[in-house]
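Report on the structure given below.
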Amino acid sequence: MASIPRLRPGAPFPPTSRALDYPSGLLAVGGELTPERLVEAYRQGIFPWYEPPQPVLWWTPEPRAVLFPEQLHVARSLRRTLRRGSYRVCCDRDFSGVMTACAAPRQGVEGTWITGDMLRAYTALHRRGLAHSVELRDADDQLVGGLYGVALGQAFFGESMFSRAPSASRIALVALTRILSLGGYRLLDCQVESAHLSGMGATTLSRLDFEALLAQTVEAPADSSVWAFEANCGELLT
5 MASIPRLRPG
15 APFPPTSRAL
25 DYPSGLLAVG
35 GELTPERLVE
45 AYRQGIFPWY
55 EPPQPVLWWT
65 PEPRAVLFPE
75 QLHVARSLRR
85 TLRRGSYRVC
95 CDRDFSGVMT
105 ACAAPRQGVE
115 GTWITGDMLR
125 AYTALHRRGL
135 AHSVELRDAD
145 DQLVGGLYGV
155 ALGQAFFGES
165 MFSRAPSASR
175 IALVALTRIL
185 SLGGYRLLDC
195 QVESAHLSGM
205 GATTLSRLDF
215 EALLAQTVEA
225 PADSSVWAFE
235 ANCGELLT
């Protein structure tokens, strides 16, 4: 297997063309997990993903899963769930709580890649207005689902989602695309393709095409006021 470049603190990332074919997209190992490093990474389409006791691993997969907000597909059954209006959607009320929920053990999955260092780094990004949570709350104002990610320019980089109620994470994704559309965001990075995301309209791009699109979006202005969004889930279809 080809050697993996080891990052020193402050050193630039290697060219993404050097990412491994297997494991797909592994680019570099090590380096610091700071807000500055995360912003540098996302601007190039790179993200961290690792599990203790591994060092930080940096990835840029090929192909890249993306969802264009205007191409979201909402299945008929999900539309019925939305119309019932059982939940309320809001943003950024409890960013750390959403991350912690995403890190919680899941049935059939061992461990978590959302470490304490991850939580601290992304919470610091949130305090700078660069990371956001979409939260689904029930009638008792309890979190039942949500997601979080990083917003740079007109691009949003989805990181993880969770669900404590049927369809809650799918509703959160519908809410996110509505928020992105309202704010002028053009790109939702989903990182790695899955049947779940494909069924909701996600597609894949080559690394070169993804990076070309990223270059157009990360420096373009978006309306950050949309992160004050709040609505009943039934309003997401209007």
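So the sequence shown is numbered by this note's numbering: it starts at 5 and just counts up by one.
Ideal placement from N, C-alpha and C gives every residue a C-beta, glycine not left out.
The structure displayed is predicted, hence computed values, not measured ones.
Can you check whether the C-beta of residue i is within less than 7 Å of a C-beta belonging to chain B?
| i | result |
| --- | --- |
| residue 163 | No chain B is present in this structure, which holds just one protein chain. |
Count the other C-beta atoms from every protein chain shown that fall within 10 angstroms of the C-beta of residue i, then say buried if there are 16 or more, exposed otherwise.
| i | result |
| --- | --- |
| residue 120 | exposed |
| residue 195 | buried |
| residue 87 | exposed |
| residue 143 | exposed |
| residue 213 | exposed |
| residue 193 | buried |
| residue 73 | buried |
| residue 108 | exposed |
| residue 234 | exposed |
| residue 242 | exposed |
| residue 23 | buried |
| residue 79 | exposed |
| residue 187 | buried |
| residue 131 | exposed |
| residue 264 | The requested residue 264 does not occur in the structure, where the chain is confined to residues 5 to 242. |
| residue 110 | exposed |
| residue 155 | buried |
| residue 29 | buried |
Please check the pair residue i and residue j, which I expect to be a contact at CB under 8 Å, by giving their CB distance rounded to whole angstroms.
| i | j | result |
| --- | --- | --- |
| residue 159 | residue 189 | 7 Å |
| residue 157 | residue 226 | 6 Å |
| residue 71 | residue 52 | About 21 Å; that fails the 8 Å criterion. |
| residue 61 | residue 102 | So it is not a contact: roughly 23 Å between Cβ atoms. |
| residue 151 | residue 128 | Not really, about 19 Å apart at Cβ, beyond 8 Å. |
If you follow the beta strand (DSSP E) that residue i is in, where does it begin and where does it stop?
| i | result |
| --- | --- |
| residue 207 | 207-209 |
| residue 160 | 159-167 |
| residue 23 | That residue, residue 23, is in no beta strand (DSSP E); it is neither H nor E in DSSP. |
| residue 195 | 191-195 |
| residue 53 | Where residue 53 is concerned, there is no enclosing beta strand (DSSP E), given that its DSSP letter is neither H nor E. |
| residue 60 | Here residue 60 belongs to no beta strand (DSSP E), and DSSP marks it neither H nor E. |
| residue 32 | 30-34 |
Are the CB atoms of residue j and residue i within a distance shorter than 7 Å?
| i | j | result |
| --- | --- | --- |
| residue 138 | residue 169 | no |
| residue 205 | residue 76 | yes |
| residue 64 | residue 11 | no |
| residue 49 | residue 223 | no |
| residue 106 | residue 136 | no |
| residue 1 | residue 240 | Limits of the chain in this structure are 5 at one end and 242 at the other, which puts residue 1 out of reach. |
| residue 161 | residue 46 | yes |
| residue 237 | residue 91 | yes |
| residue 221 | residue 201 | no |
| residue 173 | residue 149 | yes |
| residue 211 | residue 66 | yes |
| residue 16 | residue 9 | no |
| residue 85 | residue 171 | yes |
In the DSSP assignment, find the unbroken alpha helix (DSSP H) run with residue i in it and report its ends.
| i | result |
| --- | --- |
| residue 43 | 39-47 |
| residue 184 | 172-187 |
Would the C-beta of residue i count as close to the ligand MN, meaning under 6 Å from any of its heavy atoms?
| i | result |
| --- | --- |
| residue 50 | The ligand content of the structure shown is nil, which means the ligand MN is not present either. |
- request: Could you tell me which uninterrupted beta strand (DSSP E) segments, each at least 3 residues in length, are contained entirely in the stretch 72-156, listed from first to last along the chain?
  value: 92-95, 135-141, 147-156
What residue ranges within the stretch 198-241 form continuous alpha helix (DSSP H) runs of no fewer than 4 residues, ordered along the chain? 199-202, 211-221
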